[in-house]
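Peer 1:
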Amino acid sequence: MAKKEKQPRSARTVKEKAVIDRIEDGEIAVVILEDEAQSQLDLHVSHLPAEARADGDHLWLTFEIGADRQTRTLKKIEAAPQSRAAAEERVTSLQQRLEKLSGTVGQKDFKL
Amino acid sequence: MARNQRGCGCLLALLLIVAALGIFVWWKFYREQGPKLPPPSGDELSVHVLDAGQADAILIVAPGGKSVLVDAGHPGGGKKILETLKRHGVGQIDLLIATHAHADHIGGADEVIEGTNVRSVLDSKVPNPTKNYEDFLTAIEERGVNYIAATPGQTFDLGGGAIISVLAPIPPFFTKDQLRSGGNEPNANSVVTRLDYGEFSLLLTGDAEAQTEQRLIANGARLEADILKVGHHGSKYATSEEFLQRGQFDAAIISAGADNRYGHPSPEVLARLKAAGVKLYRTDLQGEITITTRGTEENSYQITTEREPTEDLWAGRKAQRDDSSRSGFIQYGDFGPAPKKRDAGNKNANRKNATGGR
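And the structure:
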């Protein structure tokens, strides 16, 4: 029986969802990945798509995972406007629900 | 007939004078000085500006034990805040103030809400459609926390004579097109508050920048205070000269990370603070900064630091290059291996900054 030779692994690409949390002083975009660890990348705004350069803009990041599985190279950044619109709707609806539940609208004085 | 008309004119003039006097009295004694403050109990109030890295987290413990947390650090920073609460003997948060929806201010808020009893949350209500902000709101809903949208004029009685007053966001909220190039709505509409306890006062500005400061001045907000928690980690776009003149601060505290790449605090802000003659404290160089006061006499507060600075407090930082500057990789750079999945039961254990491990 012929011995099976171990094939070297090849690089592969993965697409990950991310959001621009904020732009620091108009220059550095703080991008947070929607992975479990909420990993953060700091990218100059010039690297971002022209249509996604504001706080709260959603992105798709394409990474190339190296054959050694140890390196991750960012290859492409794309805007995800529909994802942003959906998140905006969820957040606004949550805010409204919370405010309604608490019944504090118009209240000025609070005793802790 | 002519006499009657003259009489009406005099009465009208008198009414106008009385109205003008009333407006003047209201402006002088309420608008500028704010609501009448209760006398201090004389017991100790403490403020701890935590060393939360490039993030904000400030714990206020009032006489009588009520506690307020102003911001909750970055994602994954909640654990450290919970440990700090324990260290200071704080069993619950009576009010969590989320100055604005950026991850360096509310990043650890969901962890704090899940890890201790938070009774109320004060939010700027300026939405940022990020997962982090959504997690924060979801935690509020799931734990049944009282949600309050910030409005100028609100007061929070902490007991013992300590009061927190809301100065901003001032409606109508700043919109993107009204802001300086590169400015953003969450920062511009930050929750700005002041803490008063007898003779002691502290101004907390979140990430408010010069345009917000200008609006506060125009709105006649009470800005004069003993201590300023400097806006936006010492960004050059905040802490204007006019704002410092209005505030007449004795001391200023900057919360910034020792390894931040955004140039915080900026040399420009430090120069303005120096020119204003304030005493400076920095978490990046001195660790946690603690203020204690009994509020009974003017200037009777103490500020202590976790450690002595090893660098010049007045030397600012320069902005560093971003992650795309990493050499040897295509276009944007290498970001290390993909993060491993966390255990379901250890949700926050692996949160990290992908840029931090270089």
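Residue numbers (my numbering), protein chains in the order written: chain B, -6 to 105; chain A, 18 to 375.
Even glycine gets a Cβ: it sits at the ideal position worked out from N, Cα and C.
Since the model is a prediction, treat every value here as computed from it, not as a measurement.
Can you tell me whether His105/A is buried or exposed? The criterion is at least 16 other CB atoms within 10 Å of its CB, across all chains shown.
Peer 2: It counts as exposed.
Peer 1: If Val85/A and Leu112/A are in contact, beta carbons under 8 Å, what's the gap, nearest whole angstrom?
Peer 2: With 8 Å as the limit, Val85/A and Leu112/A qualify as a contact, their Cβ atoms being about 5 Å apart.
Peer 1: Going by C-alpha to C-alpha distance, which of Asp174/A, Thr313/A and Pro203/A sits closest to Tyr150/A?
Peer 2: The shortest Cα separation from Tyr150/A among Asp174/A, Thr313/A and Pro203/A belongs to Pro203/A.
Peer 1: Closer than 9 Å between beta carbons: that is the criterion. Which residues of the segment 207 to 218 of chain A meet it against chain B?
Peer 2: Taking 9 Å as the Cβ-Cβ cut-off against chain B, none of the residues of the segment 207 to 218 of chain A qualify.
Peer 1: Are Tyr164/A and Thr97/B close, meaning C-beta to C-beta below 9 Å?
Peer 2: Their beta carbons are under 9 Å apart, which means Tyr164/A touches Thr97/B by this criterion.
Peer 1: Rounding to the nearest angstrom, what Cα-Cα distance links Met18/A and Gly26/A in this structure?
Peer 2: Only weak support exists for where Met18/A lies, its pLDDT of 49 falling under 50; the value from the coordinates is given anyway. Going from the Cα of Met18/A to the Cα of Gly26/A covers about 12 Å.
Peer 1: When the cut-off is 9 Å and only beta carbons count, does Glu151/A lie next to chain B?
Peer 2: Yes - at least one Cβ of chain B is within 9 Å of the one on Glu151/A.
Peer 1: Judging by CA-CA distance, which residue of Arg232/A, Gly161/A, Leu302/A and Thr222/A is the nearest neighbour of Phe190/A?
Peer 2: Per the Cα distances, Arg232/A.
Peer 1: Would you mind sorting Leu33/A into buried or exposed? The rule is 16 or more other CB atoms within 10 Å of its CB.
Peer 2: So Leu33/A counts as exposed.
Peer 1: At a CB-CB cut-off below 7 Å, which residues of chain B make contact with Phe173/A?
Peer 2: Phe103 and Leu105, listed in chain order.
Peer 1: Quick check on this structure: which residue in Ala166/A, Val107/A and Val78/A has the alpha carbon closest to the alpha carbon of Ala118/A?
Peer 2: The candidate whose alpha carbon is nearest that of Ala118/A is Ala166/A.
Peer 1: Ordered along the chain, which non-local residues of its own chain (more than five positions away) have a Cβ less than 8 Å from that of Asn316/A?
Peer 2: Taken in chain order, the residues that qualify are Glu216, Asp243 and Asp267.
Peer 1: Using only the heavy atoms of the ligand GDP, determine whether one of them is closer than 8 Å to the beta carbon of Asn277/A.
Peer 2: Ligands are entirely absent from the displayed structure, and the ligand GDP is therefore not among its contents.
Peer 1: Closer than 9 Å, CB to CB, is Gln75/B near chain A or not?
Peer 2: Gln75/B does not count as touching chain A.
Peer 1: Should Tyr349/A be labelled buried (16 or more other beta-carbon atoms within 10 Å of its own) or exposed?
Peer 2: Because Tyr349/A sits at a pLDDT of 45, beneath the cut-off of 50, its placement in the model cannot be relied upon, and the point is left open.
Peer 1: Counting only Cβ pairs nearer than 8 Å, list the residues of chain B close to Thr155/A.
Peer 2: Chain B residues near Thr155/A: Leu87.
Peer 1: In chain A, what lies closer than 7 Å to Ala60/B by C-beta?
Peer 2: Residues of chain A passing the Cβ test: none, with the nearest at roughly 13 Å.
Peer 1: For the segment 70 to 87 of chain A and the segment 20 to 31 of chain B, state whether three or more C-beta atom pairs, one from each stretch, are separated by less than 8 Å.
Peer 2: As far as the Cβ criterion goes, the segment 70 to 87 of chain A does not touch the segment 20 to 31 of chain B, which means the pair count is below three.
Peer 1: Anything in chain B within Cβ reach of Asn236/A, meaning under 9 Å, just list it in chain order.
Peer 2: Correct list: empty, because the minimum Cβ distance to chain B is about 16 Å.
Peer 1: Whose C-alpha, out of Lys97/A, Lys103/A and His91/A, is nearest the C-alpha of Val10/A?
Peer 2: One cannot answer for residue 10/A here, as it falls past the ends of chain A, which runs 18 to 375.
Peer 1: Using a 10 Å radius around the Cβ and a threshold of 16 neighbouring Cβ atoms, would you call Asp329/A buried or exposed?
Peer 2: With fewer than 16 other Cβ atoms within 10 Å, it is exposed.
Peer 1: Just grab the DSSP bridge partners of Val13/A for me.
Peer 2: This structure cannot speak to residue 13/A, because chain A is shown only from 18 to 375.
Peer 1: Return the first residue and the last residue of the alpha helix (DSSP H) that Ile123/A is part of.
Peer 2: Run containing Ile123/A: Ala120 to Ile123, per the alpha helix (DSSP H) assignment.
Peer 1: Can you tell me whether Lys53/A is buried or exposed? The criterion is at least 16 other CB atoms within 10 Å of its CB, across all chains shown.
Peer 2: With fewer than 16 Cβ atoms within 10 Å of its Cβ, Lys53/A is classed as exposed.
Peer 1: By how many angstroms is the C-alpha of Asp127/A removed from the C-alpha of Val162/A?
Peer 2: Roughly 11 Å separates the two Cα atoms.
Peer 1: Figure out for me which residue from Gly251/A, Arg239/A, Ser272/A and Gln303/A has the closest Cα to the Cα of His411/A.
Peer 2: Coverage of chain A is limited to positions 18 through 375, which leaves residue 411/A absent and any answer about it impossible.
Peer 1: Hey, is Ser344/A's beta-carbon within less than 9 Å of any beta-carbon in chain B?
Peer 2: The predicted position of Ser344/A is uncertain, since its pLDDT is 36 and thus under 50; no value can be drawn from it.
Peer 1: Count the other C-beta atoms from every protein chain shown that fall within 10 angstroms of the C-beta of Gln262/A, then say buried if there are 16 or more, exposed otherwise.
Peer 2: With fewer than 16 Cβ atoms within 10 Å of its Cβ, Gln262/A is classed as exposed.
Peer 1: Can you tell which of Ile114/A, Glu159/A, Thr116/A and Gln109/A has its C-alpha closest to the C-alpha of Arg90/B?
Peer 2: Among Ile114/A, Glu159/A, Thr116/A and Gln109/A, the Cα nearest to that of Arg90/B is on Glu159/A.
Peer 1: Pull out every residue of the segment 53 to 73 of chain A whose Cβ sits closer than 7 Å to any Cβ of chain B, in chain order.
Peer 2: Against chain B - using a Cβ distance shorter than 7 Å - the segment 53 to 73 of chain A contributes no residues.
Peer 1: Out of Val12/B, Lys104/B and Ser3/B, point me to the one whose CA is closest to Asp50/B's CA.
Peer 2: Nearest option by C-alpha distance: Val12/B.
Peer 1: Pick out whichever of Lys97/A, Ser137/A and Thr192/A has its Cα sitting closest to the Cα of Pro144/A.
Peer 2: When only C-alpha atoms are compared, the closest one is Thr192/A.
Peer 1: For Arg197/A, which residues does DSSP report across the bridge?
Peer 2: In DSSP, Arg197/A forms no bridge with anything.
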